Each structure stands twice: as structure tokens, then as C-alpha cells.
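Following: one structure in C-alpha cells, then a few remarks.
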Amino acid sequence: MTTAVLVASALSLAAQAQAASTPMPDFLNQSAATALQSVDAGTTVEMTDLSGSQRPVQWPAQWKVCTQTPAAGEAMTDKVSLGVVKATEDCPA
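Residue numbers are given in my numbering: position 88 of the sequence shown equals residue 88, and the series is strictly consecutive.
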């Protein structure tokens with residue numbers, strides 16, 4: 001059992017190291033679904049409705065990315081935050 005924990009820990013550290021060396025893609029004005037499909041399966045993606053209405057993002061393909069953290073080109077992390085609005089709406093200024 002200890003061996004399994006050590007292997008899992010090593011794999012987790014390897015994935016974090018790889019993510020840290022991978023630059024964050026530029027998702028601005030792209031579909032939130034594209035952003036979700038582009039990040040590693042171990043990455044937590046948090047989406048926030050920027051309209052002020054606090055709508056849940058249930059169908060990412062119907063939303064577009066207005067803001068992202070980390071910014072494009074920065075090192076990828078295990079958590080990505082996306083500010084989104086419906087695809088038919090303008091990003092807030």
C-alpha cells in the first residue's frame with residue numbers, strides 16, 4: 001500500500017512539474033468548451049459568469065472566455081480561472 005501511495009505521489013509531482021513548464025494557452029474570446037478540452041485532466045477549471053447575474057455555466061460550448069488566470073504565456077498551474085459570458089454577449093469592459 002505504501003508503494004502505491006509513493007507511485008501516486010510521484011506521478012502527481014511529475015504532472016505538476018510538466019504543467020509548470022507548459023505555457024498557458026490564450027483562451028480569450030474562445031469557447032469555454034475549447035478551454036476545458038485544452039487543459040490537462042488533472043487541472044481544476046473554475047468558470048465565473050462576468051455578467052453580474054451569477055448564472056451557472058452548464059453548457060460551456062454556449063459561453064466564451066473573457067478573462068483567464070493564469071494569463072496566456074504564463075506557466076500553467078493545476079487551477080485555471082475563467083471569466084465567461086454567453087457566446088452572444090460582449091465581454092464586460
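The beta-carbon is built from N, C-alpha and C at its ideal position, and this holds for glycine as well. Quantities reported herein were computed from a predicted structural model and do not represent experimental measurements.
Per DSSP, residue i forms a beta bridge with which residues?
i, result
"Trp59", "In DSSP, Trp59 forms no bridge with anything."
"Gly83", "Thr48, Thr67"
Would a C-beta distance cut-off of 7 Å place residue i and residue j closer than the cut-off?
i, j, result
"Ser38", "Pro56", "no"
"Leu28", "Val65", "yes"
Enumerate in chain order the residues of its own chain whose CB-to-CB distance from residue i is below 6 Å, with the five nearest sequence positions on each side excluded.
i, result
"Glu74", "Met24"
"Glu46", "Ser81"
"Thr44", "Lys79"
Rounded to the nearest angstrom, how far is the Cβ of residue i from that of residue j, given a contact under 8 Å?
i, j, result
"Pro60", "Ala32", "4 Å"
"Thr22", "Met76", "4 Å"
Assign residue i to one of two classes, buried (16 or more other C-beta atoms within 10 Å of its C-beta) or exposed (fewer than that).
i, result
"Gln68", "buried"
"Ala72", "exposed"
Take residue i and list the residues in its own chain whose beta-carbon comes closer than 8 Å to its own, dropping the five residues that flank it on each side.
i, result
"Thr30", "Looking at the sequence provided, one finds Gln at residue 30 rather than Thr. For Gln30, where only same-chain residues beyond five positions count, the Cβ hits under 8 Å are Lys64, Val65."
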